[in-house]
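Engineer: Reading the sequence shown from the start, the letters are residues -31 to -1, 1 to 101 in mature numbering (1 follows the signal peptide of the UniProt record, and there is no 0).
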Amino acid sequence: MANIYAPCICIRLPLWACFLIQLCNFAAASASTDTIIEGQRLGHSQTLTSSGQVFELQFFFLQNSTNSYLGIWYKKIEPRTFVWVGNRVQPLKGSSPYLTLKQGNLVIIDDRITYSVSDLSSAQNTRLTLLD
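1) Going by other Cβ atoms of all chains shown within 10 Å of its Cβ, with 16 needed for buried, is L69 buried or exposed?
2) Let me confirm a value: I82 is counted as buried when at least 16 other C-beta atoms fall within 10 Å, else exposed. Which label applies?
3) Where does I46 fall in DSSP's three states?
4) Against chain C, does L68 count as a neighbour if the rule is that its beta carbon must be under 9 Å from one of theirs?
5) Please classify T18: does DSSP put it in a helix, a strand, or coil?
6) Work out the CA separation of Q32 and T95 for me, nearest whole Å.
7) What do you get for L39, buried or exposed, if any count of 16 or more other CB atoms within 10 angstroms of its CB means buried?
8) Which class does G73 belong to by DSSP, given the choice of helix, strand or coil?
9) Give me the residue from T16, D80, E25, F29 with the minimum Cα distance to S65.
10) Report the partner residues of E25 according to the DSSP bridge assignment.
11) Can you tell which of L17, L61, G8, L11 has its C-alpha closest to the C-alpha of S1?
12) Just to confirm before moving on: does the CB-CB distance between L100 and I5 stay below 9 Å?
13) Should residue 119 go down as buried or exposed, given a rule of 16 or more other Cβ atoms within 10 Å for buried?
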């Protein structure tokens, strides 16, 4: 007599394995980091968190405004207490700004314009780390 349940086991195992892999990818993507490297992007909904959980760096919006800013604040102090705002004079107007490192330079890109901080060096293996 043939086993009619054997095909079901073969189908369920790959689906379960795919679910587990996706769950691991989600956990890794949502875990905070303190460093980005050349070519990585820090998007408007992502955060750099210093290793000691003292500071956070993220794009933010002011109340009643569509302008976005890149800022650093104390992670565990409420209300949010800013210690640095990178583009205070020139707020971003785009809806999806991101921060990246290109050719050793810190670059902020939104929908229409690019802001760059350059040291004119030819540094290799550049990384940005948020320290405590």
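For glycine and all other residues, C-beta sits at the position ideal for the given N, C-alpha and C.
Structural biologist: Short version:
1) Taking the sequence shown and counting its residues from 1, one reaches residue 69 at position 100. Leu is not the amino acid found at residue 69; the sequence shown has Thr there. Buried: at least 16 other Cβ atoms inside 10 Å.
2) Stepping through the sequence shown from its first residue, residue 82 is reached at position 113. With fewer than 16 Cβ atoms within 10 Å of its Cβ, I82 is classed as exposed.
3) Counting from one through the sequence shown, the residue named residue 46 turns up at place 77. I46: coil per DSSP, three-state reduction.
4) Within the model displayed, chain C is absent; a lone protein chain is all it includes.
5) What you label residue 18 is simply residue 49 of the sequence shown in a count that begins at 1. Strand.
6) Counting from one through the sequence shown, the residue named residue 95 turns up at place 126. Counting from one through the sequence shown, the residue named residue 32 turns up at place 63. So the alpha carbons of these two residues sit roughly 34 Å apart.
7) Translated into the one-based positions of the sequence shown, residue 39 becomes position 70. L39 should be labelled buried.
8) Counting from 1 along the sequence shown, the entry for residue 73 is found at position 104. Three-state result, G73: coil.
9) Taking the first residue of the sequence shown as position 1, residue 65 is located at position 96. It is D80.
10) The residue you call residue 25 lines up with position 56 of the sequence shown. DSSP output for E25 lists T18, W42 as bridge partner(s).
11) As a working note, residue 1 is residue 32 in the sequence shown. Cα-wise, what sits closest to S1 is L17.
12) Taking the first residue of the sequence shown as position 1, residue 100 is located at position 131. Taking the first residue of the sequence shown as position 1, residue 5 is located at position 36. It is not a contact, given that the beta carbons lie outside the stated cut-off.
13) The shown model of the chain, from -31 to 101, leaves out residue 119, and the question about it has no answer.
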